Amino acid sequence: MHDTYLYQLPPMQPNHTCGGANVWADVSSSSEIFCSAGSYCPTTTKRIPCSSGHYCRMGSTSEKRCFKLSSCNSNTATQNMHAYGIMLIAALSTLLLIIYNCSDQVLTTRERRVAKSREAAARSARKTANARQRWQFAKDATKKGAMGLQAQLSRTFKKDVANLEKVKILNQATSEADIELLSHSGPTTSSMVASSSLAPKEKGKEPNGLMQIIHEIENDPDINDHLHTEIETRDTGVRANAPKGKQPHTHSQIFKYAYSQLEKEKAEQQENKKLTFSGVIKMATNTEKRKRPLMEISFKDLTLTLKAQNKHILRYVTGKIKPGRITAVMGPSGAGKTTFLSALAGKALGCSVTGSIFINGKNESIHSFKKITGFVPQDDVVHGNLTVEENLWFSAQCRLSADLSKPEKVLVVERVIEFLGLQSVRNALVGTVEKRGISGGQRKRVNVGLEMVMEPSLLILDEPTSGLDSASSQLLLRALRREALEGVNICMVVHQPSYALFKMFDDLILLGKGGLTVYHGSAKKVEEYFSGLGINIPERINPPDYFIDILEGITTPGGSSGLSYKELPVRWMLHNGYPIPLDMRQNAVQFDMSQSVNSANEIDPNGSGHVGKTFAGELWQDMRNNVELKREKIRLNFFKSKDLSNRKTPGVFKQYKYFLIRVGKQRLREARIQAIDYLILLLAGACLGSLTKSGDQTFGAAGYTYTVIAVSLLCKIAALRSFSLDKLHYWRESDSGMSSLAYFLSKDTIDLFNTLIKPVVYLSMFYFFTNPISTFADNYVVLLCLVYCVTGIAYALSIFFEPGAAQLWSVLLPVVLTLIATQPKDSKVLKNIANLCYSKWALQALVVANAERYQGVWLITRCGSLLKSGYNLHDWSLCISILILMGVIARAIAFFCMVTFRKK
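Position one of the sequence shown corresponds to residue 1 (the UniProt record's numbering), numbered consecutively onward.
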């Protein structure tokens, strides 16, 4: 019999039959040919205990020297390599601390330098504005003095002319002697007469001469240029009329440009208050200012009905909202105010919409103007772990025109920050529920500012003043008024505003219960309209509050009207000549009803269409409505409307860059949470490494099974935070036209850092506690692919399920799938199911990587051991590829769910 301990694979035959044995064998059936652990057997008949400083695994033919810094007692099977694990985790901790601290320090230093540049630019702009103001005052004073001098000279000339006329009259009555006497003074008189004859000409030329002097003063290089020398040196390269090829590029130059423009705009606002007719003409013909495209929204017989309940939310609303005006939508609770805004913005999903909505007189979809439409939700959907400026700047980068230069974008952001009064908190974190940030009123203004920085043509706001005090509300309305002056069409839901706030609105839409229009027109004429109905507002009562109380049914209309709140929509229809619906005719009987009745396509307002339906019929109808809702969402997300906004926003790659920067900052500010994740993985590796031993008989399969479960579970739960916490933010950003692909890829790219680090953290404890025969690199590659795979699965779970259900699935899946993967494959069905489990391929890759390192007598038995588990020695690359493929497929499913499944 040949010496089995000296057996090796035949040279140049890598595909040689496993071990060359005629019978598949494993350790349990062939233990007599294996040398025991802690000893080595140079021959089949000799066993020698392992000496100190060496270790001998089971089946060893010679003892192996322990590594440096590791300890090996006599008769030991493995070496103690805890020191290497401690060194690795110390090095990794130091590296992570350096990365997080240095990155945070870099961000802090950069923000501080940018803040200094901004403050210096603001001071420079203020000095420049003050210098220009002083120069303007000096010029005005010079002009005023010149005009006074002109008036004085004119009065002097008039006096001389009057004296000469008196002398001429007297000369006609004097004697010739007197004339001769006067003739001696002829030169003087003639000169006076000549001067008087030239007086009108000199009078006409005098103002031109004085104005010429003023212009010379203005254009004098020794005066005017000297005055502007300091201004020019401070504004070098950042003037508003600088050539396009010399755009500002440094932070200092960009901020100087922005603040100089803001100061000029302030000066123009002051001048506009005292404009003459020629000034108005000049301002109207100024082509330097960028004009926004105008959007006029008109709607006729707009009706919204819930498909599931067949219930009206909005009924026969007709009117128009105009550019350059602020329209307030008011009404009691349940009047359909938010639904009305959602219908205008194209967000009324799950409802059947009848009637017409026209944009600039054309029947176009509002989604075609998505890039120039801003929608401010009622909830303050703002990133709490970003500063005020970072939130606004990101929105401006992604939504402003791609052709707009960076200085112009900075100017837009700075203008919004100043208009909204956010200068004092621009560098403060917005804050979350757990971490305090800016105040609620400031957060509300940031929520509005996210839409203002994209320079919309249509701005829709859902209760932007709710929760604000009177001062904050007026500050917000003043900012919106400036937007309206640029031609923006602003429509907003307001809940019982103060009288001062109410006077700032241009138009008013008053909705009653059931979504019926009670009034739509100028806000200044609403009291006049209700007075015509006999409803007079009592003294010391806020008109908006009084109207809401009447429509709510709390207050009975006073005066001689005798109307109830149910009759007010009918009176409005009669006032405008609109058709009366069939179900409202009973309220119109007492009035003069000469209008036609709208009986076509009338839906039962009480939802009686469900009466008489069986339970199965209602269930089937609900299922159909849900399918239609999903189909509508998919159509809106995957089939884009024709773009009519004439605005080219940044593409996917540029938005990916902006998202990457934003997500990177968010992760750096969540360093404590990342550190906790690493600490938990470290403890898991230490516990599993110390409790499980790497048995040579199974090639460490037991320890690797626990490893797959622990790493999968912990990494899945950590990855759930990537998307579950930002669903509201994503819905808002995607509705505004931002790229969903760029958002998803940026999150996944940043998470790749954790994918690379977490296997190292876990193996730094587990590997050096168990000391397997496979290399650290082999184990790292397998765990790297495993983490990549389970991270993609966690994405899909976090997007598809609510947070609680997603966490439960993240815990159950690793355990269940690993149990299925390790069960004996007695049936073909069970084997096919196991092939779909990622844990089966991860476990096989770890075991095979370990088995490949065994030599000598193990070559006879390892194939038999692997065959029992259904593993193949040559499938390591296949396992790695399948794990990566599963990760890619999971991400594709997660992305599809992200753009398809939205909130109900």
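Glycine included, every Cβ here is placed at the ideal spot set by N, Cα and C. These numbers come from a predicted model, not from an experiment.
Using the Cβ count rule (16 or more neighbours within 10 Å means buried), how would you classify residue i?
i: K840; result: buried
i: G553; result: exposed
i: L763; result: buried
i: G651; result: exposed
i: H520; result: buried
i: V388; result: buried
i: S197; result: With a pLDDT of only 39 at S197, under the threshold of 50, the placement of this residue in the model should not be trusted, and no figure is reported.
i: P49; result: exposed
i: L681; result: buried
i: S739; result: buried
i: E451; result: buried
i: P824; result: exposed
i: K435; result: exposed
i: P538; result: exposed
i: V815; result: exposed
i: A892; result: exposed
Residue i and residue j look like a contact to me (Cβ under 8 Å); what is the Cβ gap, rounded to whole Å?
i: A402; j: K648; result: 5 Å
i: V475; j: G421; result: A quick correction: the sequence has Leu, not Val, at residue 475. Sure, about 5 Å apart at Cβ, within 8 Å.
i: L341; j: S457; result: Not a contact, Cβ separation roughly 16 Å.
i: G331; j: L511; result: 4 Å
What's the C-alpha gap between residue i and residue j?
i: R482; j: L516; result: 31 Å
i: E263; j: L533; result: 49 Å
i: A471; j: R540; result: 21 Å
i: G204; j: Q150; result: Annotation note: pLDDT 41 at G204 (below 50); position unreliable, coordinate value reported separately. Distance between the alpha carbons of G204 and Q150: 11 Å.
i: K503; j: L468; result: 17 Å
i: residue 926; j: K311; result: Beyond the ends of the chain as shown, which are 1 and 904, falls residue 926; an answer cannot be given.
i: H610; j: P581; result: Reliability of the predicted coordinates at H610 is poor, the pLDDT of 46 falling under 50, and the value obtained from them is presented with this limitation in mind. Taking the straight line joining both Cα atoms gives about 21 Å.
i: E230; j: G145; result: Residue placement at E230 is flagged as unreliable, the pLDDT there being 39, under the threshold of 50; the coordinate-derived value follows with that caveat. The alpha-carbon atoms of E230 and G145 are separated by roughly 27 Å.
i: L683; j: T822; result: 25 Å
i: A348; j: L477; result: 26 Å
i: L429; j: Y795; result: 27 Å
i: A131; j: W572; result: 57 Å
i: N536; j: F530; result: 7 Å
i: F277; j: E296; result: Because the pLDDT at F277 is just 49, under 50, the model does not fix this residue reliably, and the value given afterwards should be weighed accordingly. For F277 and E296, the distance between alpha carbons rounds to 28 Å.
i: H383; j: K307; result: 34 Å
i: S52; j: T76; result: 8 Å
i: G685; j: Q253; result: 53 Å
i: L181; j: S154; result: Its pLDDT being 34, under 50, L181 is placed unreliably in this model, and the value from its coordinates should be taken loosely. Roughly 31 Å between the two C-alpha positions.
i: I889; j: I793; result: 9 Å
i: R112; j: K654; result: 26 Å
i: N360; j: L784; result: 56 Å
i: S190; j: G148; result: Because S190 sits at a pLDDT of 40, beneath the cut-off of 50, its placement in the model cannot be relied upon, and the point is left open.
Under 8 Å between the Cβ atoms of residue i and residue j?
i: S395; j: V453; result: yes
i: M354; j: T303; result: According to the sequence displayed, residue 354 carries Thr and not Met. Cβ atoms of T354 and T303: closer than 8 Å.
i: A894; j: I799; result: yes
i: L386; j: K657; result: no
i: I438; j: V448; result: no
i: V781; j: I880; result: yes
i: K716; j: S810; result: yes
i: I550; j: Y565; result: yes
i: A258; j: L411; result: yes
i: L866; j: A851; result: yes
i: L797; j: A806; result: yes
i: T128; j: S298; result: no
i: A328; j: L508; result: yes
i: A849; j: D778; result: yes
i: H729; j: V381; result: yes
i: L679; j: Y706; result: no
Residue i bridges to which residues according to DSSP?
i: V353; result: L304
i: N489; result: L458
i: Y507; result: Note on residue identity: the sequence assigns Asp, not Tyr, to residue 507. D507 pairs with T327 and S522.
i: residue 905; result: With the chain covering only 1 through 904, there is no way to say anything about residue 905.
i: G319; result: F299
i: F375; result: I460
i: T517; result: L511
i: K64; result: Y55
i: Y678; result: Partner(s): none; Y678 has no beta bridge.
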